[in-house]
Amino acid sequence: MARYLMHVRTPMPPAEAFAYMADLTNFAKWDPGVDRVDQVTGDGPGLDAAFDVAVKALGRAITLRYETVTYVPHTTVVAFAESRVLTSRDTITVQQDGAGPGSVVTYDAVLKLKGPLGLADSLLGLSFKKIGDRAAAGLVAALAGERVLEPAS
68 MARYLMHVRT PMPPAEAFAY MADLTNFAKW DPGVDRVDQV TGDGPGLDAA
118 FDVAVKALGR AITLRYETVT YVPHTTVVAF AESRVLTSRD TITVQQDGAG
168 PGSVVTYDAV LKLKGPLGLA DSLLGLSFKK IGDRAAAGLV AALAGERVLE
218 PAS
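Residue numbers for the sequence shown follow my numbering, beginning at 68 and rising by one.
Spelled out as structure tokens, the structure:
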């Protein structure tokens, strides 16, 4: 299993930050590893939403279909994709940042290789960190925020 976890403090109010993050078509705007995102079911974010996400991998584009499996308005969205070789679960949560008008966005991505490939999960973790760091930088810029170690309590 490879995991990438980040928290971004943004001046965006929680509702605005959640609306941006829950619309997976925005992934292509901040994640340099994503070529394009097309919504294939639903109309915007929600439990009925599914998105084809074309990611760059091994010098070519691979399309993963992410289906929204959890959607709690204004706070949480979980998108899940599965291919022959891996599963990917992206959990996005948004919470108020203390007493201020801004918010903290938490992005938690987990990749698991399937079958015998699972033995290479530790190698996947190393490359996933590099990929995640580039995506984190893009997300910080998109949210006009800063990366923090933990969300404020």
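Each residue gets a CB set at the ideal place from its N, CA and C atoms; glycine is no exception.
Query: Is the beta carbon of Ala203 closer than 8 angstroms to that of Met68?; Result: no
Query: Out of Leu114, Leu131, Leu91, point me to the one whose CA is closest to Ala121's CA.; Result: Leu131
Query: Taking a contact to mean a Cβ-Cβ separation below 8 angstroms, would you say Leu155 touches Gln162 in this structure?; Result: In the sequence as displayed, the identity of residue 155 is Ser instead of Leu. Not a contact, by the Cβ cut-off of 8 angstroms.
Query: Check this for me: beta carbons of Val107 and Ala117, under 8 angstroms apart or not?; Result: yes
Query: Do you know offhand how far Val16's Cα is from Arg76's?; Result: No statement about residue 16 is possible, as the shown extent of the chain runs from 68 to 220 and does not include it.
Query: Is it the case that the Cβ atoms of Thr142 and Phe85 are separated by a distance below 8 angstroms?; Result: yes
Query: Which partner residues of His141 appear in the DSSP bridge assignment?; Result: Bridge partners of His141: none, in fact.
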